[in-house]
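Each residue of the sequence shown is one higher than the last, beginning at 67 in our numbering.
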Amino acid sequence: MNAYIQRVLDEINERYNTQPEFLQAVKEVLISLEPIINAHPEYEKAAILERMLEPERAILFRVPWINDKGEVVVNRGYRVQFSSLIGPYKGGLRFHPSVNLSIMKFLGFEQIFKNALTGLPIGGGKGGSDFDPKGKSDNEIMRFCQSFMTELYRHIGQDTDVPAGDIGVGAREVGYLFGQYKRIRNAYEGGVLTGKDVCYGGSLARKEATGYGLLFYVREMLKNHNQSLEGKIVTISGSGNVAIYACEKAYAMGAKVVAMSDSNGCVYDAEGIDLDCIKQIKEVQRGRIKEYLNSHPNAQYFENTNGQVSPVWNIKTDIALPCATQNELTLDAAKVLVSNGVIAVGEGANMPCTYEATQYLLDNNVLVGAAKAANAGGVATSAIEMSQNSMRYYYTFDEVEKKLEQIMIHIFNDCKAASDNYGLNNNYVAGANIAAFKKLADAMLAQGIV
Ligand code: NDP
Ligand code: 2IT
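Below you can see the structure in the form of C-alpha cells.
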C-alpha cells in the first residue's frame with residue numbers, strides 16, 4: 067500500500083472510529099487510488115487527500131414539529147456541505163430513521179466524486195433527518211418539511227447549496243420544502259431545489275433520470291463486452307424512485323424484470339413484474355410490496371429475515387440492480403449471485419454492495435457499475451433542471467433524456483479509460499474513483515490551499 071494513502075487511512079480510522087459508513091466509503095475510494103497517487107507525488111505535498119476527506123462544513127440542527135395528536139416531536143436535521151470545488155454543494159435529502167452523521171458524511175463524500183463524473187458544475191453535499199415518513203399523514207409531512215426548511219433555508223441557495231430528493235424525499239416533500247423556502251425568502255428562486263414537480267419549475271425526466279441513467283450505464287458496460295440487455299433476466303432491490311424507473315427502462319431495453327423488493331420482503335414473478343401494479347402500490351397508495359400478490363396470485367413473496375441474505379439476491383438472475391440502500395448486498399449475497407451465473411451488477415443505490423461483496427464480484431469477472439458512476443444520472447439531470455431554471459426555459463422530455471444518455475455514455479467511457487490507463491482489467495469501480503479523483507485533485511491544485 068502507498069505510504070501516503072496508508073497514513074491518511076490510519077489517521078481517519080482513528081479520528082472517525084464512530085462513523086463506520088463514512089470510513090467504509092473513504093476506504094473503498096482510497097485503496098483504489100493507489101495507482102494515481104503513486105504517479106502523482108505532488109498530491110501529497112498539497113495534502114489533497116486530507117483536504118478532500120474533511121467536509122467544508124457540517125450543519126446539525128433541531129427540527130421540532132407537531133404531530134396529528136397535538137404532541138411535540140423533535141427530530142435531528144443535517145446538511146453536510148462537503149465540497150464546493152467545482153460548483154455549489156449539490157446532493158439529496160434523506161428522511162429515514164437510520165440517518166446520522168456517519169451516513170450523511172458517507173453520502174456527501176460519494177456525492178463529490180459522482181458529481182465530478184457528470185462533467186457538470188456541481189459540488190457535493192448531502193442532508194436529511196432521522197424523521198420517519200412511514201405512516202405519517204400528509205399534514206404531518208408538510209409540517210415537518212416546513213420546520214426543516216425554517217432552519218435549512220439560511221444555509222442554501224441556488225448558487226450556494228442545492229438539495230434534492232433521496233430516500234423518503236420525493237416530489238411531495240420537495241414541494242413542501244420549496245413552498246416554505248419561497249415564503250421565507252419572498253422570492254421565486256427556482257434553482258434552490260431540484261426534483262421539483264414539473265408544474266412549478268421541475269424538469270421533465272428528472273423523476274425517471276436515476277433509473278434510466280443506470281440502465282444506460284449498464285447497457286454501455288455490457289456493450290463493451292459484446293453483450294446486451296435483450297432477453298436478459300433482471301432482479302431489482304427496492305421499489306422506490308430509482309427501482310421503479312430502472313425497471314421501466316430495463317423493459318424498454320428488452321430485458322425481463324422478475325423481482326423487486328421493499329424493506330419487508332421481495333416479490334418474484336416469473337412472468338415478469340407488472341410495473342403498473344408496483345407504481346400503483348408505491349407511488350399512489352404508498353403501500354407495501356406484499357400487496358402485489360392481491361392482484362397477482364401466481365407471484366411469490368419472500369419475507370426478509372433478520373441477519374439473512376436479502377431474499378431478492380437468492381433469485382437466479384443475469385443482472386442484479388441494487389436500488390434500495392447501503393450495504394444491502396453482502397458477501398454472502400454476492401456468492402449466491404455468482405453461483406447463479408450473474409454477469410453484471412449495477413448500483414442504483416449509494417454503496418449498496420459491501421466492500422467484500424464488490425471485491426468478490428470483480429474477482430469472479432462480474433461487471434460492476436459503481437454507484438458514483440452508474441447512478442449519477444439523477445444528479446446530472448438535477449443540474450439540467452438548474453440550468454433550465456436559470457434560463458427560465460424548459461426542454462422537452464426527449465431533449466432531457468438525450469442529454470442524460472450522452473452524459474451516461476461519457477461517464478462510462480471515462481471509467482473505462484481510467485481502468486485501461488492503469489491496467490485495471492475492466493475494474494470500472496476503481497476506474498470511476500480514479501477518473502473523478504483526477505478532476506477533483508487538479509481543481510484543488512488550481513485553487514490553492516483552501
Ligand atoms: P425511495 O425512498 O423512493 O425508495 C427507497 C426504497 O428502498 C424503498 O423501496 C425502501 O423500502 C427501500 N429501502 C430503504 N431503506 C431500506 C433499508 N434500510 N432496507 C431495505 N430496504 C430499504 O428512495 P430512492 O429510490 O430515491 O433511493 C434509493 C437509493 O438510491 C438510495 O440509496 C439513494 O441514496 C439512491 N439514489 C437516489 C437518487 C435519486 O435521484 N432519488 C439518485 C442516486 C442515488 P421501504 O419503503 O420499505 O422503506
Ligand atoms: O444520491 C444522489 O445522487 C441523489 N439522491 C440525487 C441528488 C440530486 O441532487 O439530484
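Where is the CB? At the ideal position from N, CA and C, for every residue including glycine.
- At a cut-off of 7 Å, the beta-carbon of A312 does not count as near the ligand 2IT: no heavy atom of the ligand is closer than that.
- Using a Cβ-Cβ distance cut-off of 8 Å, the stretch 298-310 and the stretch 320-330 are in contact, since at least three pairs of beta carbons, one from each stretch, lie closer than that value.
- If you check the CB distance, Q224 and S168 do not come in under 8 Å.
- With respect to L183, A512 sits apart: the two C-beta atoms are not nearer than 8 Å.
- Your pair L470 and Y278 checks out as a contact, with CB atoms roughly 6 Å apart and the cut at 8 Å.
- Counting every other CB atom within 10 Å of its CB across the protein chains shown gives P363 a total below 16, marking it as exposed.
- Listed in chain order, the non-local C-beta contacts of D263 below 8 Å within the same chain comprise A237, V240, G241, local neighbours out to five positions each way being set aside.
- Listed in chain order, the non-local C-beta contacts of Q246 below 7 Å within the same chain comprise C211, Q212, M215, T216, local neighbours out to five positions each way being set aside.
- Burial state of Q472 is exposed, judged by a 10 Å Cβ sphere holding fewer than 16 other Cβ atoms.
- Annotation: S485 is outside any beta strand (DSSP E); the continuous alpha helix (DSSP H) that includes it extends over 463-487.
- Residue side-chain check: N205 keeps its Cβ at 7 Å or more from all non-hydrogen atoms of the ligand 2IT.
- Between I71 and L89, the CB-CB gap reaches or exceeds 8 Å.
- Counting only runs of 3+ residues, the beta strand (DSSP E) found wholly inside the stretch 136-205 occupies 138-149, 155-161, 190-195, in chain order.
- Residue pairing for F127: DSSP places it in a beta bridge opposite G143.
- Rounded to whole angstroms, the gap between the alpha carbons of L259 and V378 is 34 Å.
- Pairing K482 with Y494, the inter-Cα distance amounts to about 6 Å.
- Counting C-beta atoms within 10 angstroms of its own C-beta, T371 has fewer than 16 neighbours from the protein chains shown and is therefore classed as exposed.
- In this structure, V445 has its CB closer than 7 Å to one or more heavy atoms of the ligand 2IT.
- Sixteen is the threshold: when 16 or more other Cβ atoms of the shown chains lie within 10 Å of the Cβ of G256, as they do, the residue is buried.
- Short note on D232: C-beta closer than 7 Å to some heavy atom of the ligand 2IT.
- Here G267 carries a coil assignment [DSSP, helix/strand/coil].
- Listed as beta-bridge partners of D232 by DSSP are V235.
- At least 8 Å separates the beta-carbon of V411 from that of A437.
- Around the C-beta of A230, 16 or more other C-beta atoms lie within 10 Å, and the residue is accordingly described as buried.
- The distance from the Cβ of G194 to that of L159 is about 5 Å, consistent with a contact at the 8 Å cut-off.
- Taking every protein chain shown into account, the CB of Y109 has 16 or more other CB atoms within 10 angstroms, so this residue is buried.
- In this structure, Y317 and M474 do not form a Cβ contact; the two beta carbons are roughly 18 Å apart against a cut-off of 8 Å.
- Collapsing the DSSP output to three states places C419 in a strand.
- At least one heavy atom of the ligand 2IT is found less than 7 Å from the C-beta of N416.
- For I299, the enclosing beta strand (DSSP E) has its first and last residue at 299-303.
- The beta carbon of N290 lies closer than 7 Å to those of K482 in the same chain, with the five residues before and after it left out.
- Relative to the non-hydrogen atoms of the ligand NDP, the Cβ of G304 comes within a distance shorter than 7 Å of at least one.
- Annotated three-state conformation of I385 is strand, per DSSP.
- Between the alpha carbons of Y334 and Y459 lies a gap of roughly 43 Å.
- Boundaries of the alpha helix (DSSP H) harbouring A512: 494-513, taken from the DSSP string.
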